[in-house]
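*Asks:* Next up is a structure, given as structure tokens.
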Amino acid sequence: MPQIVVEGLVKTFTVPERAPGLWGAVRGIARRRVRTVRALDGVSFAIERGELVGYIGPNGAGKSTTVKVLAGILVPDGGRCEVAGRVPWKQRIAHVGDIGVVFGHRTQLWWDLPVVESFDLLRDIYRVPADRYARARDAMIALLDLEPLLDVPVRQLSLGQRMRCDLAAALLHAPAILFLDEPTIGLDAVSKLAVRDFVKQLNREHGVTVILTTHDMDDIEALCTRVVVIASGKILSDGGLAELRAQVTRERWLTVDLVDPDAALDEPGATVIKRDGHRACLAFDPQVVAPAELIRRVTSRHAISDLFVENPPIETIVARLYAAHGGPV
Amino acid sequence: MARALQPYAAVVGVRFRMLLQYRAAALAGLWTQLVFGMVLIMIYEGFYRSSTADVQPMAFPQVASYVWLGQALLAMLPWNIDRELHAMVRSGAVAYELCRPVDLYGLWYARAVAHRTAPTVLRAVPMVMFATVVLPLVGLDEWRLEPPVSLAAGAGFALALGCALALACAISTLVNITMLWTIQNDGVLIIVTSVVSLLSGLLVPLPLLPDWAQPVVRWLPFAGVLDLPYRIYNGHIAPDGLPLVLARQLGWTLALVALGRWWLGRGMRRLVVQGG
């Protein structure tokens, strides 16, 4: 049986609305208008133990809502949800003792406490036995290079340092499942890489199931074997990166560096999507024009200093998928 | 049992140590309270001197002790809110506390325990020093804080004060829970502050209130946080009245904890964490 089962999950929020201006404010006193927003509209998926799943979607798609339901914070209006055999919001305390959660946009550490005291407090809150705690803490300190940060109050940490500490804090009680809600948001390149390496290692070597929501497609490409795409509360796609590509487009890109920047490129079956000085980029469908054939035709007609064929970046794929389904909400 | 309480004890410990850092605020408050205590006692002295009644509901030295205890232990009264918790409710961060494997009411109550004790420790010591040592030295012997009338009264006071803390934390937590409904709860706070300071006996010792008010204030919970333990201290309630005092305090504590648990459960279900 899968570790996480979600079936037909529905969650609606009511948002108070009022007309703008003074008159709107006055009317609002007498009659409150509310608008119902379906944050989750029948979401279903299943995740096996040890998977590393990327959960992506435009802003307001329902990503965080899903994570919050899975983390036991929100009670859904309908549908079924079981994590390790438990219903999160019904057996909340037992459930959250077995999961780790990291929210990129807010720390779960205590602002005024030095990092190490936050860790000690978490040991008490999660009732981790002293010897297990010492082992987990020392392992985290070594893996995430936290030694120099231990005595620093959390409020004085940089974002990257804080995220490393937050990751450690979420794992001190050795959870079987880790939820990461935008863990690389706002991080610099080095910190992003550190976070990715750590998550990968955690998943590969310790078998921790990871559900990662992000807007950073590099996170997805670096980490995830499976991607679930959600928009407007509905699942659009669920599968490997290759399947996601195949679902959206078969398109490939041929980039050529022309010796003559003004040469006219006009190939049947391919469209020029970008030109920048000597460099031009052609999009084509490999089932219409074979890549070898296209390259032969271009090289025979033009003087070329360099060329390469690539898949459109996953960023573009996802943007097209979002746009095809009503666009960002 | 110890393991069950481990998270809550840890939260109390951490918050307590953190709140002890606010020494400057305590010192500033101390000065105001010294003046306030002196003014209150001057007023009572005036009343007592000009009164024509033969028997007062409470002797003047008892009133002086009662007033000083009130000032020394002011921070224990449930008259203000937990600012940090307030900020967490406003930002929606409070829902994230649900990610912790602890009972939310227990967590809030633990915060209240620290919030009601740490500032009290900071203020009580200098205040008691002033009221017991400094006042006699400057010739205001009548205004001083007397020691408990007997050993039994002292021990009874200690017990009743412990129960007063439990009750004050239950009320405090209830006040904090109202934040889930009002978000901006200045209004609730004004009401709570005035109700608590009047009905607990902070402004006027409860036995000095009019006769018609006596049955009301006697059965409200607020007497339990201040009036009852102080009257054991100054001998206004004899030691054999202690069981009834403790029963009233604990009865109210249990009732208000039950109410708070139910209410917090409803409030959290209402709460919507911002963001999709």
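Chains as they are written, first to last, in our numbering: chain Z, 18 to 346; chain H, 356 to 631. Every residue gets a Cβ at the ideal spot worked out from N, C-alpha and C, and that includes glycine.
1. Which residue from H:Ala613, H:Ala430, H:Gly615 and H:Gly590 puts its Cα closest to that of Met413 (chain H)?
2. Can you confirm whether Met373 (chain H), when its beta carbon is compared against all beta carbons of chain Z, has any partner nearer than 8 angstroms?
3. Answer yes or no: do Asp129 (chain Z) and Pro165 (chain Z) have a C-beta to C-beta separation smaller than 8 angstroms?
4. So, with DSSP's three-state summary, where would you put Val225 (chain Z)?
5. Leaving out five residues before and five after Leu219 (chain Z) in sequence, what residues of the same chain have Cβ atoms less than 8 angstroms from its Cβ?
6. Step through the CB atoms of chain H and report whether any lies within less than 8 angstroms of the CB of Arg144 (chain Z).
7. Among H:Phe371, H:Met484 and H:Pro584, which residue has its Cα nearest to the Cα of Gly511 (chain H)?
8. Name the residues in the segment 373 to 402 of chain H whose C-beta lies less than 9 angstroms from a C-beta of chain Z; which are they?
9. Please name the residue in Z:Ala307, Z:Pro75, Z:Gly38 and Z:Arg337 whose C-alpha comes closest to that of Ala263 (chain Z).
10. Given a cut-off of 8 angstroms on the beta-carbon distance, is the pair His112 (chain Z) and Ala248 (chain Z) in contact?
11. For the candidate residues Z:Arg44, Z:Asp94, Z:Ala63 and Z:Ile64, whose alpha-carbon lies nearest to that of Thr53 (chain Z)?
12. Taking the beta strand (DSSP E) that Arg52 (chain Z) belongs to, which residues open and close that run?
13. On the DSSP bridge assignment, give the partners of Ile116 (chain Z) in chain order.
14. Please specify which runs of the alpha helix (DSSP H), each continuous and at least 4 residues long, are wholly inside the segment 64 to 138 of chain Z, giving them in chain order.
15. Unbroken beta strand (DSSP E) runs of length 3 or more, entirely within the segment 570 to 598 of chain H: which are they?
16. Identify the contact partners of Gly89 (chain Z) in chain H, using a Cβ-Cβ distance below 9 angstroms as the criterion.
17. May I ask you to list the residues that DSSP assigns as paired with Ile247 (chain Z)?
18. For the ligand PLP, is there any heavy atom lying closer than 7 angstroms to the beta carbon of Ala307 (chain Z)?
19. Where does Arg296 (chain Z) sit, in a helix, a strand or coil, going by DSSP?
20. Can Arg103 (chain Z) and Gly25 (chain Z) be called in contact, C-beta distance under 8 angstroms?
21. Do you know offhand how far Tyr460 (chain H)'s Cα is from Leu184 (chain Z)'s?
22. Should Pro565 (chain H) and Tyr421 (chain H) be called a contact, given that it needs their Cβ atoms to be closer than 8 angstroms?
23. What is the DSSP secondary structure of Glu284 (chain Z), reduced to helix, strand or coil?
24. Count the other C-beta atoms from every protein chain shown that fall within 10 angstroms of the C-beta of Gly556 (chain H), then say buried if there are 16 or more, exposed otherwise.
25. Among the residues of its own chain, which have a CB less than 6 angstroms from the CB of Met443 (chain H), if the five just before and after it don't count?
26. Nearest-angstrom Cα distance between Leu311 (chain Z) and Ser317 (chain Z)?
27. Under 8 angstroms between the Cβ atoms of Val326 (chain Z) and Leu275 (chain Z)?
28. Which same chain residues, not among the five before or five after Trp498 (chain H), have their C-beta less than 6 angstroms away from its C-beta?
29. Is the beta carbon of Leu440 (chain H) sitting closer than 8 angstroms to the one on Arg466 (chain H)?
30. Name, please, each residue of chain Z whose Cβ falls closer than 7 angstroms to the Cβ of Gln361 (chain H).
31. Cutting at 8 angstroms between CB atoms, please list the residues of its own chain near Leu69 (chain Z), excluding the five before and the five after it.
32. Under 6 angstroms Cβ to Cβ from Val457 (chain H), same chain only, skipping five residues before and after it: list those, please.
*Replies:* On the basis of the coordinates in this document:
1. By one-based count along the second sequence, residue 413 (chain H) stands at place 58. With distances taken between Cα atoms, Met413 (chain H) lies closest to H:Gly590.
2. The residue labelled residue 373 (chain H) in the question sits at position 18 within the second sequence. Yes - at least one Cβ of chain Z is within 8 angstroms of the one on Met373 (chain H).
3. Your numbering for residue 129 (chain Z) matches position 112 in the first sequence. Your numbering for residue 165 (chain Z) matches position 148 in the first sequence. In this structure, Pro165 (chain Z) does not lie closer than 8 angstroms to Asp129 (chain Z) by Cβ.
4. What you label residue 225 (chain Z) is simply residue 208 of the first sequence in a count that begins at 1. If DSSP states are grouped into helix, strand and coil, Val225 (chain Z) belongs with coil.
5. Against the first sequence, residue 219 (chain Z) aligns to sequence position 202. Taken in chain order, the residues that qualify are Leu188, Leu195, Val225 and Val227.
6. Here residue 144 (chain Z) corresponds to residue number 127 of the first sequence, with the count starting at 1. True, the Cβ-Cβ gap to chain H drops below 8 angstroms.
7. Numbered from its first residue, the second sequence carries residue 511 (chain H) at position 156. The shortest C-alpha separation from Gly511 (chain H) is found at H:Pro584.
8. Met373 and Gln376
9. For this step, residue 263 (chain Z) is matched to residue 246 along the first sequence. Closest option to Ala263 (chain Z), Cα to Cα, is Z:Arg337.
10. One-based indexing of the first sequence puts residue 112 (chain Z) at position 95. One-based indexing of the first sequence puts residue 248 (chain Z) at position 231. Contact flag unset, no.
11. If you number the first sequence from 1, residue 53 (chain Z) lands on position 36. Among Z:Arg44, Z:Asp94, Z:Ala63 and Z:Ile64, the Cα nearest to that of Thr53 (chain Z) is on Z:Asp94.
12. Locating residue 52 (chain Z) in the first sequence gives position 35, counting from the first residue. It spans Arg50 to Ile64 - the beta strand (DSSP E) in which Arg52 (chain Z) sits, taken as one unbroken run.
13. Position 99 of the first sequence, counting from 1, holds the residue named residue 116 (chain Z). Bridge partners of Ile116 (chain Z): Z:Ile194.
14. 80 to 87 and 109 to 113
15. none
16. Along the first sequence, one-based indexing puts residue 89 (chain Z) at 72. Under the 9 angstroms cutoff, chain H gives Leu453 and Cys454.
17. The sequence position of residue 247 (chain Z) within the first sequence is 230, counting from 1. Paired residue(s): Z:Ile252.
18. Questions concerning the ligand PLP fall outside what the structure shown contains, since it holds no ligand whatsoever.
19. Walking along the first sequence from the start, residue 296 (chain Z) turns up at place 279. Three-state result, Arg296 (chain Z): strand.
20. Along the first sequence, read from residue 1 onward, the residue named residue 103 (chain Z) stands at position 86. Along the first sequence, read from residue 1 onward, the residue named residue 25 (chain Z) stands at position 8. Not in contact: Arg103 (chain Z) and Gly25 (chain Z) (Cβ atoms no closer than 8 angstroms).
21. Residue 460 (chain H) sits at position 105 when you count from the first residue of the second sequence. Residue 184 (chain Z) sits at position 167 when you count from the first residue of the first sequence. Rounded to the nearest angstrom, the two C-alpha atoms are 27 angstroms apart.
22. Taking the first residue of the second sequence as position 1, residue 565 (chain H) is located at position 210. Taking the first residue of the second sequence as position 1, residue 421 (chain H) is located at position 66. Cβ distance not < 8 angstroms, so Pro565 (chain H) and Tyr421 (chain H) don't count as in contact.
23. Within the first sequence, numbered from 1, the residue matching residue 284 (chain Z) stands at position 267. Glu284 (chain Z): coil per DSSP, three-state reduction.
24. As a first step, residue 556 (chain H) is located in the second sequence; it is residue number 201 there, counting from the start. Looking at its Cβ environment, which holds 16 or more other Cβ atoms inside 10 Å, Gly556 (chain H) is buried.
25. Locating residue 443 (chain H) in the second sequence gives position 88, where the first residue counts as 1. Val449.
26. Within the first sequence, the letter at position 294 stands for residue 311 (chain Z). Within the first sequence, the letter at position 300 stands for residue 317 (chain Z). Rounded to the nearest angstrom, the two C-alpha atoms are 10 angstroms apart.
27. Your numbering for residue 326 (chain Z) matches position 309 in the first sequence. Your numbering for residue 275 (chain Z) matches position 258 in the first sequence. Not closer than 8 angstroms, so no.
28. Along the second sequence, read from residue 1 onward, the residue named residue 498 (chain H) stands at position 143. So the qualifying residues of the chain are Ile396, Ala419 and Leu490.
29. Taking the first residue of the second sequence as position 1, residue 440 (chain H) is located at position 85. Taking the first residue of the second sequence as position 1, residue 466 (chain H) is located at position 111. Cβ atoms of Leu440 (chain H) and Arg466 (chain H): closer than 8 angstroms.
30. Within the second sequence, residue 361 (chain H) is the residue found at index 6, counting from 1. Those within 7 angstroms of Gln361 (chain H) in chain Z are Asp141 and Arg144.
31. If you number the first sequence from 1, residue 69 (chain Z) lands on position 52. Result list for Leu69 (chain Z): Val216, Lys217, Asn220, Thr226, Val227, Leu229, Leu240, Cys241, Thr242 and Arg243, in chain order.
32. Position 102 of the second sequence holds residue 457 (chain H). Closer than 6 angstroms at Cβ, skipping near neighbours: Pro362.
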